[in-house]
């Protein structure tokens, strides 16, 4: 690594860890980054403005009381407002959650000391960014009202997409942990020593060597199923990780990004999956040149349309969907019955592009090829119904999609599913039926307990 004012800094991009993610200097840089993004200035020339389709039903209104203590209450904003939203791990029952009993009281005041540390830290970040409102799922959704939960979860695409920034509590395993604590360099880095570094231009600088693991993308939040769609539905991600705080625009295919220290680049795969929500805002028929541009920025190659443009784009998007499902099913759910629901926001965003019915985790137009899925490793049978047997939602554990054969003889004659809630058209189903016509081959059956 190198120090920013050292001659070697031009050639060695890794910086020392920033020990205080909640420093005023850090928040000042983040505020300026957001202003530049809104104005589409500098590296943000390709960014798009936040598109709050509608105001969330409930928001937390924040005002400072004293140093580090804030007044919080539930507010039903009628007019469009600027708000942030946290992405975090619950880690069990949330004793502070909103219920039909405490909703009237929470509309007057939510006692600061009753909020878990992660939510308190999210409030502090929101206030530091001069944002007045915060949307928190455990508080802004009435948790013992099934109709309210179904309606609000169905609105998550617009909620996260409309947020000015999503605050990712990457280091917190539970809502009690918090994420603004100082970093310990001895724990993360250990011993470091310096060496002289001869720059290509002849100047002599210094670099520092230490043994340290990968970037921050091995953290607990990346193992949880719900947080996948929260990240992809968001316009901007402000991620507080073990080794760095990073702010990245998802409103641009080039993904402008700043960090508070450590590595300036990205070690994780940012191929087509992370462009999926941005691309889904395009009108394919009118924006084929735009899609070509984004395709090249994603894959690094030109896309030549030698067939109908819409069909080509549909094929790319169904491949993206299968990649998303494969990534999603490697993650954990506290409630296995949420398997279909916790990815429903992504399905909602992709549906306008694919223009076909969504049935229990599959797209009707792309059956039967979509039926070629398998489990990576057999898991015990779910205790409760999660989906029809022909759907990947019916099993636990990660799944893989096979490449579709070009000479498939199976014909889908009818497919339908009964939704668990009409308010969640991309959510769980009560039952599903599939009728196909195909050749029959002899095979062996194996019972899996």
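Numbering (the numbering used here), first residue to last: 312 to 760. Ideal Cβ placement from N, Cα and C applies to all residues, glycine included. If you're wondering where the values come from, they're calculated on a predicted model, not measured in any experiment.
The bridge partners DSSP lists for residue 320 come to none. Here residue 628 is not bridged, per DSSP, to any residue. Excluding the 5 residues flanking it on each side, residue 337 has same chain C-beta neighbours closer than 8 angstroms at 329, 331, 556, 571, in chain order.
Excluding its 5 nearest sequence neighbours in each direction, residue 569 has C-beta neighbours in its own chain below 6 angstroms: 344, 558, listed in chain order. A direct Cα-to-Cα measurement between residue 373 and residue 444 gives close to 6 angstroms.
Put simply, the backbone Cα of residue 736 is about 13 angstroms away from that of residue 673. With a beta-carbon spacing of about 6 angstroms, residue 387 and residue 369 fall inside the 8 angstroms limit used to define contacts. In the structure shown, residue 734 adopts coil according to DSSP, grouped into three states.
The Cβ neighbour count for residue 719, taken over all protein chains shown within 10 Å, is under 16; the residue is labelled exposed. For residue 745, the pairing in a beta bridge is given by DSSP as 726. For residue 442, the secondary structure class from DSSP, reduced to helix, strand or coil, is coil. Between residue 491 and residue 554, the gap from beta carbon to beta carbon reaches 8 angstroms or more. Straight-line spacing of the CA atoms in residue 634 and residue 354 works out to 29 angstroms. Of the residues assessed, residue 756 falls on the exposed side of the cut-off, its CB having fewer than 16 other CB atoms within 10 angstroms. Linking residue 663 to residue 657 through their CA atoms gives a straight-line distance of about 11 angstroms. Residue 480 is bridged by DSSP to 551.
Judged by their CB atoms, residue 439 and residue 480 are not nearer to each other than the 8 angstroms cut-off.
For the pair residue 412 and residue 489, the Cα-to-Cα distance works out to about 27 angstroms. In this model, residue 515 and residue 505 are separated by some 13 angstroms (Cα to Cα).
By the C-beta density criterion, residue 733 is exposed, having fewer than 16 other C-beta atoms within 10 angstroms. Counted as a single uninterrupted DSSP element, the stretch harbouring residue 689 is not any beta strand (DSSP E), since DSSP gives it neither H nor E.
Put simply, the region 456-472 touches the region 637-656. At least three CB pairs are less than 8 angstroms apart.
Per DSSP, reduced to three states, the secondary structure at residue 377 is strand. When DSSP reads this structure, residue 458 sits in no beta bridge, so it has no partner.
With fewer than 16 other CB atoms across the displayed protein chains lying within 10 angstroms of its CB, residue 643 is exposed. Taking the C-beta atoms as reference points, residue 518 is found nearer than 8 angstroms to residue 312. Take residue 487, set aside five residues on each side of it, and the residues of its chain with a beta-carbon closer than 8 angstroms to its own are 402, 427, 428, 429, in chain order.
Here residue 698 is not near residue 748, since their CB atoms are 8 angstroms or more apart. Contact between residue 452 and residue 410 is absent: CB atoms are separated by about 10 angstroms, not below the 8 angstroms threshold. Pairing residue 750 with residue 721, the inter-Cα distance amounts to about 7 angstroms.
Relative to the Cα of residue 415, the nearest Cα in the group 394, 552, 334, 385 belongs to 385. Here residue 380 is exposed: its Cβ has fewer than 16 other Cβ atoms, across all protein chains shown, within 10 Å.
Beta-bridge partners assigned by DSSP to residue 573: none are found. Apart from the 5 residues on each side of it in sequence, residue 537 sits with its Cβ closer than 8 angstroms to the Cβ of 644, 649, 653 in its chain, given in chain order.
Taken through DSSP and simplified to helix, strand or coil, residue 451 comes out as helix. Among the bridge pairs identified by DSSP, residue 397 is matched with 478.
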